[in-house]
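Novice:
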Amino acid sequence: MASRPATEAALPNLEKRSGKQRRKANDQTIYESIYDAVLTQRLPPGSKLPEVALGELFGVSRSIVRKALTRLAADHVIEQRPNQMATVAKPSVEETQQIFEARKTIEAEVVRLCAGALSKGDLQSLRQLIKEEKAAHESGQHQERVHRSMGLHLFLADHCPNRVLGKIQRELVLRTSIVIALYKVAGVQACFLGDDHSRLVEFIAKGKGDQAAALVREHLDTLADLLDLKDQQSTIDLASILRP
1 MASRPATEAA LPNLEKRSGK QRRKANDQTI YESIYDAVLT QRLPPGSKLP EVALGELFGV
61 SRSIVRKALT RLAADHVIEQ RPNQMATVAK PSVEETQQIF EARKTIEAEV VRLCAGALSK
121 GDLQSLRQLI KEEKAAHESG QHQERVHRSM GLHLFLADHC PNRVLGKIQR ELVLRTSIVI
181 ALYKVAGVQA CFLGDDHSRL VEFIAKGKGD QAAALVREHL DTLADLLDLK DQQSTIDLAS
241 ILRP
């Protein structure tokens, strides 16, 4: 499979819009902004997403906002119910446990298939993501660290030889990010677990699929153990998070 830049493979392309370079927003702009805010844990589970406020924020009609919200609901990022305001998905404790179990099963097979199958360029991209993740962690840049951490797992999903498994894995990575945002313990650096990512990439590079799969399961078990599975409440300023 052809190599792609790490950031391109990992996340939706989010244009940096400011001043004269700002372009008119559309449903894709709104989709990517909310998707990214959830993925980087800036928009907590349960956050309300009023159509009028979003329309004013992005300078678009409610019909365009609805189109973006419908897509986000289809991807399990938000929840939409008849005659109710859309909210960021808020999985229950039981669903959280099921999401982790599903991801353990799927991602273990994804990395097993990736082992020995990635190009030198792919491996270089993964190592660069790890380098950037570590730098962001050491400098206290939480959002950048989350981007790189999620980016590594999404890169593997996008480069899995079995594209169906890869697509399922991509969805599970996002849904895991949502439950981490909901249940993470304050001060815990979720998914920054020592040298797990470096070890994982080296197992993949050496074609050691069984070791890679075992490490992923251990990695996710450790991450799940760091969560505080109690109902969480939070308040947010939607404009400060999503303003173009």
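Using this note's numbering, you'd call the opening residue of the sequence shown number 1 and step up by one each time.
We treat Cβ as the ideally placed atom computed from N, Cα and C, and that holds for glycine.
Find the nearest neighbour of L152 within the set Q169, R163, S139, Q141, judged by alpha-carbon distance.
Specialist: Taking only the C-alpha atoms, the option nearest L152 is Q169.
Novice: Which whole-angstrom value is the C-beta distance of L154 and V179, which I expect to be below 8 Å?
Specialist: That belief does not hold up - the Cβ atoms of L154 and V179 are roughly 16 Å apart, past 8 Å.
Novice: If you follow the alpha helix (DSSP H) that V60 is in, where does it begin and where does it stop?
Specialist: Counting along the chain, V60 falls outside any alpha helix (DSSP H), and DSSP gives it neither H nor E.
Novice: Measure the C-alpha to C-alpha separation of N83 and V52 and round it to an integer number of angstroms.
Specialist: Rounded to the nearest angstrom, the two C-alpha atoms are 14 Å apart.
Novice: Could you check what DSSP says for K184 in three-state terms: helix, strand or coil?
Specialist: Strand, per DSSP.
Novice: How big is the Cα-Cα spacing for T40 and R243?
Specialist: Looking at the two C-alpha atoms, the distance is approximately 15 Å.
Novice: Would the beta-carbon of A25 fall within 7 Å of that of G59?
Specialist: Yes, the Cβ-Cβ distance between A25 and G59 is below 7 Å.
Novice: Buried or exposed, going by whether 16 or more other CB atoms sit within 10 Å of the CB of L113?
Specialist: By the neighbour-count rule (16 or more Cβ atoms within 10 Å), L113 is buried.
Novice: Could you tell me the distance, in whole angstroms, from the CA atom of R148 to the CA atom of R103?
Specialist: Their backbone Cα atoms lie some 19 Å apart in a straight line.
Novice: Give the straight-line distance between the Cα atoms of Q28 and V146, rounded to the nearest whole angstrom.
Specialist: Spanning the two alpha carbons is a distance of roughly 22 Å.
Novice: Evaluate V65 with the Cβ neighbour count: other Cβ atoms within 10 Å of its Cβ, from every protein chain shown; 16 or more gives buried, anything less gives exposed.
Specialist: V65 is buried by the Cβ-count criterion.
Novice: Verify the CB distance criterion: does I241 have a CB-CB separation below 7 Å to chain C?
Specialist: In the displayed structure, chain C is absent; only one protein chain is listed.
Novice: For A101, which option in L226, D210, F203, T176 has the closest C-alpha, if you only look at C-alpha atoms?
Specialist: The sequence shown places Glu at residue 101, rather than the Ala named in the question. Selected option, being the one with the closest Cα: T176.
Novice: Using DSSP with H/G/I as helix, E/B as strand and the rest coil, what is V173?
Specialist: Of the three classes helix, strand and coil, the one that applies to V173 here is helix, per DSSP.
Novice: State the start and end residues of the unbroken beta strand (DSSP E) segment that holds A86.
Specialist: From DSSP, the beta strand (DSSP E) with A86 extends over 86-88.
Novice: In chain order, which continuous runs of the beta strand (DSSP E) of length 3 or greater are located wholly inside the region 86-170?
Specialist: Those beta strand (DSSP E) runs which fall completely within the region 86-170 and span 3+ residues are 86-88.
Novice: Can the beta-carbon of A117 be found closer than 7 Å to that of A213?
Specialist: Going by C-beta atoms, A117 is not nearer than 7 Å to A213.
Novice: In the DSSP assignment, find the unbroken alpha helix (DSSP H) run with G209 in it and report its ends.
Specialist: Counting along the chain, the alpha helix (DSSP H) containing G209 begins and ends at 209-225.
Novice: State the start and end residues of the unbroken alpha helix (DSSP H) segment that holds S240.
Specialist: First-last of the alpha helix (DSSP H) with S240: 238-242.
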